[in-house]
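Numbering (full-length UniProt numbering), first residue to last: 1 to 398.
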């Protein structure tokens, strides 16, 4: 868009107001530059602040600008974390800049993020209102990409702490899922305490309800298990009205935790008495036609003992996702799947023993072809977890 200076701001060729700021790129060295954007409108707000949609003048691409009040006493944890992240299933921080507020000394941090139009929450609600279930291929596609994003951040020691359908962005044109909202995220350090009142209620791991302050990234795994169960059921699996009620909902399905399990979640709760309730068979929790692999995966994720929950990368390698690794798989629209196997060296170093499963045989065979040097590098080095990205064709959901 052509822009020209007008009264301290910009007016676009079409008469729209253009804002120009000095912003720092999200990744790389701190080299502030002028960035102009237009067509600003509010698309969301909450206790954190406001989210705007805008269009960058230089590229005409849409962005989301998250504006949060900055406490001068502390570094913004969300900014510090987002600057470290670079992954195809995590929303990208393009720029950040500071702006003044209406009150004296008020400073706002503005995060300029790539704009993704949909969320898993809205898609799930659409199907629910239509009295339909989400096609299982979409559930596989969404959950696989979520687990891949979690494997990446957990490998950096970062816990998201607010996994829920609202924070899973979807691009309807490509079928790509991106994890967003790192406002609650934290780099967890063993031995350092953390607040237990974190994570949205339906998705809170039991150790958080028990008040644990030494929890691990496995709280994200529990939350992801709740999301998977919700997509299969068409409604939240543990819809508690309060913290205590949340625990009751969990006990109704998993049964009363043993003393050992309670000790694993929070040693301070071992003397508390709980009503003895037997676990409900997982097969009876879900619809009759739910794939057994899906139920088995939910059971591996929703374990009381945090260390018993499988890792995100183990989840990616689970049989539930085998259909995604089949080169003949297409979406219901007959479109190809988005890139799912473009693993980086860092990803393949997380749990190298899983690489033979994570990289489909078809991709490995294609990679061994002399025409594709980059892909060949992945296949050849998969055994020792060294790789360069394999290219796959992007496609999407309707």
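We put the CB at the ideal spot given by N, CA and C, even for glycine.
Determine which residues share a DSSP beta bridge with residue i and list them.
{"i": "residue 98", "result": "109"}
{"i": "residue 118", "result": "170"}
{"i": "residue 52", "result": "42, 65"}
{"i": "residue 159", "result": "186"}
{"i": "residue 178", "result": "169"}
Can you tell me whether residue i is helix, strand or coil according to DSSP?
{"i": "residue 36", "result": "strand"}
{"i": "residue 146", "result": "helix"}
{"i": "residue 274", "result": "coil"}
{"i": "residue 16", "result": "coil"}
{"i": "residue 189", "result": "coil"}
{"i": "residue 90", "result": "strand"}
{"i": "residue 22", "result": "strand"}
{"i": "residue 322", "result": "helix"}
{"i": "residue 302", "result": "coil"}
{"i": "residue 293", "result": "helix"}
{"i": "residue 215", "result": "coil"}
{"i": "residue 334", "result": "coil"}
{"i": "residue 355", "result": "helix"}
{"i": "residue 267", "result": "helix"}
{"i": "residue 373", "result": "At residue 373, the pLDDT of 41 sits below 50, so the modelled position is not reliable and the matter cannot be decided from this model."}
{"i": "residue 154", "result": "helix"}
{"i": "residue 328", "result": "coil"}
{"i": "residue 223", "result": "helix"}
{"i": "residue 57", "result": "coil"}
{"i": "residue 201", "result": "helix"}
{"i": "residue 126", "result": "helix"}
{"i": "residue 422", "result": "The structure shown does not extend to residue 422, since the chain is modelled only from 1 to 398, so the question has no answer here."}
Could you name the residues of the same chain whose beta carbon sits closer than 8 Å to that of residue i, not counting the 5 residues immediately before and after it, in chain order?
{"i": "residue 76", "result": "68, 70, 109"}
{"i": "residue 317", "result": "354, 357, 358"}
{"i": "residue 323", "result": "137, 140, 329"}
{"i": "residue 277", "result": "251, 252, 255, 256"}
{"i": "residue 193", "result": "213, 214"}
Is the Cβ of residue i closer than 7 Å to any Cβ of chain C?
{"i": "residue 207", "result": "Reference to chain C is not applicable here, since this structure consists of a single protein chain."}
Apart from the five residues on each side of it in sequence, which residues of its chain come closer than 7 Å, Cβ to Cβ, to residue i?
{"i": "residue 295", "result": "282, 283, 286"}
{"i": "residue 114", "result": "63, 91, 92, 94"}
{"i": "residue 163", "result": "203, 220, 223, 224, 227"}
{"i": "residue 362", "result": "327"}
{"i": "residue 209", "result": "243, 246, 247"}
Suppose contacts are defined by Cβ-Cβ distances below 7 Å. Is residue i in contact with residue j by that definition?
{"i": "residue 32", "j": "residue 22", "result": "yes"}
{"i": "residue 350", "j": "residue 155", "result": "yes"}
{"i": "residue 24", "j": "residue 96", "result": "yes"}
{"i": "residue 112", "j": "residue 131", "result": "no"}
{"i": "residue 165", "j": "residue 120", "result": "yes"}
{"i": "residue 399", "j": "residue 239", "result": "In the structure as shown, the chain begins at 1 and stops at 398. Residue 399 is therefore absent and cannot be evaluated."}
{"i": "residue 225", "j": "residue 266", "result": "no"}
{"i": "residue 170", "j": "residue 145", "result": "no"}
{"i": "residue 51", "j": "residue 41", "result": "no"}
{"i": "residue 246", "j": "residue 289", "result": "no"}
{"i": "residue 297", "j": "residue 320", "result": "yes"}
{"i": "residue 161", "j": "residue 89", "result": "no"}
{"i": "residue 360", "j": "residue 175", "result": "no"}
Near residue i, which residues of its chain fall below 6 Å by C-beta distance, leaving aside the five closest residues on each side in sequence?
{"i": "residue 205", "result": "219, 222"}
{"i": "residue 274", "result": "256"}
{"i": "residue 234", "result": "128, 133"}
{"i": "residue 44", "result": "51"}
Determine contact between the region 202 to 222 and the region 300 to 319, defined as no fewer than three beta-carbon pairs at a distance below 8 Å.
-> yes
Flag this pair as touching only if the region 312 to 330 and the region 244 to 257 have three or more C-beta atom pairs under 8 Å; answer yes or no.
-> no
Check whether the region 340 to 347 touches the region 175 to 188, taking contact to mean three or more Cβ pairs, one atom from each stretch, closer than 8 Å.
-> no
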